[in-house]
Amino acid sequence: MAYDEPGRAGSAEPTPGVPATVLENVFDDPAHGEPGRDRVGVHLVWETLLLVGLVGVVLLLRREDADALRGDGLRTLLVDVVALGLLALAAGLSLRTAAVNLAVGPIAVAAALHFAEQGDRGVPAALTPALVAAAVGGLALALAVVVLHVPGWAASLAAAAAVIVYIERRSGAVVVQAGYDPRRTAFYLFAGFAAVAVLGGMFGAIRAVRRVVGRFRPVVDPARRRGVLAALVTAAALVGSTVLAMLAGVLLAANAAGPVVPTSGLDWTVLAVGVAMLGGTSAYGRRGGVFGTLLAVGVVVVFLAWATARGWTVSRWTVGGAALGVGLVVTRLVEACGRPRGAIGEPAETAPAGDGTISTGWSLPRPSTVDNWAPALPAQSTATPPDPWEAPRWETGSRRWDDDDR
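For the sequence shown, the UniProt record's numbering begins at 1 and goes up steadily by one.
Here is the structure:
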């Protein structure tokens, strides 16, 4: 891509001699990728296992507390699913672009505190300034990531620190002043979240879309910029993840049984990123499933409800750490089993990426097969070489010694 770095030649093709039109149809990343297209079968297998796990925890919850799955208990459970689901979508969206947003947890807590304080003014009046602040903050974070071309986790961690400073200005818990009750529209909220999660996963499974969304993912030297399109997509994803985290915080405050407690919110970040990775989103970006986020959120929320019904106290740090640990294993499976397959069932052999005009003169020709080694050997002479110990000068010298003895 000529616009990646001004004054530097474009990257070499992964397979020399293959036309660019063929590469566009065969490669997921024509500039640097491996021959073939990403495989999604590993996501379907993992999502099947998640579905089995969800059915299992639902049966456990039904055995322990059947009221949690009907009436007001079910509505509260569905709102919890939507709240955590929005956080997981925020984390997963940024993960897909290889610029994870670690500030989603603190943003959710800050939004919950704001809604608890300003909710008595009405939902529109309370949401509008929070939405504007989230969009502006997300844009500032996006500019820092794409303009400076720095890792998203580092920039978002700095943003999280700034949000935590805002949270720490509250000395105590804040009672929710709003009269908005999301449980009255719990089924609609859940249907909307499920539609967004599944349709987004299906949309991201399209080869061209997946390639564009994951274009910020480094493939060679991470200092090299990935182009204007990658910067725009990554910036939009960071802004979107910030807004989704704000909406999740509003639902957390409105669905809470008590006042909103000021916390750092980093436990929500760990839980959100862990759930996103547990659903099949790769920690390296680009690759992800279809139903994984919806199923993973359901498993975690129902498990927490079951633990509460049994009288257990399980912190979000514990659940988030466990989900993150399993998600790392899932990332390895997704990257190993989702990589392109060779054209004839064998691992694809890719040529080393070029470095512009500098490396054009250093390519070595591929050795050819040699059928007969005989012509390459020097011709052997059949004559016997003379023996230096039998030279005439030794005989002559011997005669001279004999004459002297006489």
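Virtual Cβ for every residue (Gly too), placed ideally from N, Cα, C.
Give me the Cβ distance between residue i and residue j, rounded to the nearest whole Å; I'm assuming they're in contact under 8 Å.
i, j, result
"Ala178", "Ala110", "About 16 Å separates the two Cβ atoms, so there is no contact after all."
"Phe187", "Gly85", "The Cβ separation is near 14 Å, so there is no contact."
"Leu271", "Val319", "6 Å"
"Ala68", "Ala305", "6 Å"
"Cys282", "Gly274", "The sequence shown places Ser at residue 282, rather than the Cys named in the question. That belief does not hold up - the Cβ atoms of Ser282 and Gly274 are roughly 14 Å apart, past 8 Å."
"residue 424", "Ser94", "Because residue 424 is not part of the residues shown, which for the chain are 1 to 406, the question remains open."
"Val57", "Val299", "6 Å"
"Arg39", "Gly338", "5 Å"
"Ala98", "Val243", "The Cβ separation is near 20 Å, so there is no contact."
"Val212", "Val233", "6 Å"
"Gly201", "Trp46", "Actually they are not in contact, since the Cβ atoms of Gly201 and Trp46 sit about 13 Å apart, beyond 8 Å."
"Gly292", "Leu89", "Going by Cβ atoms, the distance from Gly292 to Leu89 rounds to 12 Å, so no, they are not a contact pair."
"residue 470", "Val314", "The structure shown has nothing for residue 470, since the chain only spans 1 to 406."
"Val250", "Phe115", "5 Å"
"Leu78", "Leu247", "Wrong, their Cβ atoms sit about 15 Å apart, outside the cutoff."
"Leu54", "Leu333", "19 Å between Cβ atoms; not a contact."
Opposite residue i in the DSSP bridges: which residues?
i, result
"Val174", "Val260"
Could you spell out the range, first to last residue, of the alpha helix (DSSP H) harbouring residue i?
i, result
"His149", "Neither: His149 is in no alpha helix (DSSP H) and is coded neither H nor E."
"Val100", "First-last for Val100: undefined, no H or E at that position."
"Thr313", "Per DSSP, Thr313 belongs to no alpha helix (DSSP H) and is neither H nor E."
"Val233", "228–254"
"Ala88", "71–96"
"residue 411", "The displayed coordinates of the chain run from 1 to 406. Any statement about residue 411 would go beyond what the structure contains."
"Thr269", "266–278"
"Val212", "207–213"
When DSSP labels each residue in this structure, what does residue i get in the three-state scheme?
i, result
"Tyr188", "helix"
"Ile167", "helix"
"Ser156", "helix"
"Val220", "coil"
"Asp65", "coil"
"Gly298", "helix"
"Asp120", "helix"
"Val40", "coil"
"Ala162", "helix"
"Arg183", "helix"
"Arg332", "helix"
"Val52", "helix"
"Tyr193", "The question names Tyr, yet the displayed sequence has Phe at residue 193. DSSP places Phe193 in helix when its eight states are reduced to three."
"Val198", "helix"
"Thr293", "helix"
"Thr308", "helix"
"Thr281", "coil"
"Gly137", "helix"
"Gly325", "helix"
"Gly320", "helix"
"Gly288", "coil"
"Gly204", "helix"
"Ala348", "Here the model assigns Ala348 a pLDDT of 42, short of 50, so the residue's position is not dependable, and the following value carries that caveat. Note: Ala348 maps to coil in three-state DSSP."
Using only the alpha-carbon positions, how far apart do residue i and residue j sit?
i, j, result
"Ala159", "Gly105", "11 Å"
"Val302", "Leu61", "7 Å"
"Arg226", "Arg215", "7 Å"
"Pro218", "Ala230", "11 Å"
"Thr185", "Ala66", "21 Å"
"Leu238", "Ala144", "11 Å"
"Leu102", "Ala91", "8 Å"
"Ile167", "Gly137", "15 Å"
"Leu131", "Ala142", "16 Å"
"Arg310", "Ala257", "18 Å"
"Val175", "Ala191", "29 Å"
"Gly325", "Ala236", "28 Å"
"Arg286", "Leu87", "19 Å"
"Gly240", "Val123", "20 Å"
"Ser264", "Pro182", "24 Å"
"Val163", "Pro262", "12 Å"
"Gly73", "Ala223", "51 Å"
"Val220", "Val290", "28 Å"
"Trp317", "Arg63", "26 Å"
"Val297", "Asp80", "9 Å"
"Ala108", "His43", "29 Å"
"Pro352", "Leu157", "For Pro352, the predicted structure reports a pLDDT of 42, less than 50, and the residue's modelled location is therefore unreliable. The matter cannot be settled from this model."
"Tyr284", "Val52", "26 Å"
"Leu139", "Val147", "11 Å"
"Glu34", "Gly204", "Here the model assigns Glu34 a pLDDT of 49, short of 50, so the residue's position is not dependable, and the following value carries that caveat. Roughly 19 Å separates the two Cα atoms."
"Ala161", "Arg170", "15 Å"
"Ala253", "Arg75", "15 Å"
Can you check whether the C-beta of residue i is within less than 9 Å of a C-beta belonging to chain B?
i, result
"Ala191", "No chain B is part of this structure, which consists of one protein chain only."
The ligand NAD and residue i: does the residue's C-beta get closer than 8 Å to at least one heavy atom of that ligand?
i, result
"Phe193", "The ligand NAD is not part of this structure, which contains no ligands at all."
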